[in-house]
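K.L.:
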Amino acid sequence: MERGPDIFDDAMNTTPVDQWDTKDVEKWLIANYFDPHVSQICDVNGCDGPSLLMLTEADFHLYNLGLPIGDAKRLIIALRKLQLSSVDSMKRLGLPLHVGENSLSGQGCQRSHRYASISESDVGDSLTSSVELIAETTKRFPPEIWKTVISAVYMNTVLLVTSCVMV
105 MERGPDIFDD AMNTTPVDQW DTKDVEKWLI ANYFDPHVSQ ICDVNGCDGP SLLMLTEADF
165 HLYNLGLPIG DAKRLIIALR KLQLSSVDSM KRLGLPLHVG ENSLSGQGCQ RSHRYASISE
225 SDVGDSLTSS VELIAETTKR FPPEIWKTVI SAVYMNTVLL VTSCVMV
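Residues in the sequence shown are numbered from 105 upward in steps of one, following the working numbering.
Okay, structure coming up:
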């Protein structure tokens, strides 16, 4: 059977990934040189277009897809490229539009897809601004000052509570 991206016909190129069936996934796997694993991925596990887009690196271990590590890593790269080229399909499935660095790693799979309306860039921006604020604040005051302030607040709180209890 022919291999390589040129085996896709025009109909395949126009069919959105979220509408692929297992036969379309089979064609994509063969085109990307994963034909030894077509049976395992398509026939045994029934992987269609939407499940292909949602596949994570953890799924390879969790569902024991049985791919050698080299093939698994190459498939992850191919899946990443497919995700990046299938933005409309990702939107229709409610998947994060900004595919982060760890989206196919074990860390990325821990995120629930029901929160897909919050983009990773929004979360990243807020985390970055929080980290910058903390870094800026700690630059102004050394840790010794912070420890002194915290202990003074604690001491005054204990003094106030003790005096209220004694009265």
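The C-beta atom is built at its ideal place from N, Cα and C for all residues, glycine as well.
1. Distance, Cα to Cα, Val203 vs Val129?
2. Return helix, strand or coil for Arg215, following the three-state DSSP convention.
3. Should Gln187 go down as buried or exposed, given a rule of 16 or more other Cβ atoms within 10 Å for buried?
4. Taking 8 Å as the limit between beta carbons, can you name the residues of its chain near Gln144, skipping five residues before and five after?
5. Based on Cα-Cα distance, which residue from Val253, Leu133, Lys251 and Trp124 lies nearest to Leu183?
6. Counting only the same chain and skipping the five closest in sequence on each side, list residues whose C-beta sits under 7 Å from that of Val269.
7. Going along the chain, which residues of its own chain have a beta-carbon closer than 8 Å to the beta-carbon of Lys185, five neighbours each way excluded?
8. If you compare alpha carbons, which of Pro120, Phe138, Asn260 and Ala176 is closest to Gly153?
9. Only counting the same chain, and skipping five residues up and downstream in sequence, which positions put a Cβ closer than 6 Å to that of Asp122?
10. Check whether the Cβ atoms of Thr126 and Cys146 sit closer than 7 Å, and answer yes or no.
11. Excluding five sequence neighbours on each side, which residues of the same chain lie with their C-beta closer than 8 Å to the C-beta of Tyr167?
12. Alpha carbon to alpha carbon, how far is Val271 from Lys251? Give it in angstroms, no decimals.
13. Whose C-beta lies closer than 8 Å to the C-beta of Pro140 among residues of the same chain, with five residues either side of it excluded?
P.N.:
Answer, in terms of the structure:
1. Reliability of the predicted coordinates at Val203 is poor, the pLDDT of 47 falling under 50, and no value is obtained from them.
2. Bear in mind that a pLDDT of 42 at Arg215, under 50, signals an unreliable position, so the number given afterwards is only what the model happens to contain. Correct three-state label for Arg215: coil.
3. buried
4. Leu169, Gly170 and Leu171
5. Leu133
6. none
7. none
8. Pro120
9. Gly153, Pro154, Ser193, Arg196 and Leu197
10. yes
11. Asn149
12. 30 Å
13. Asp175
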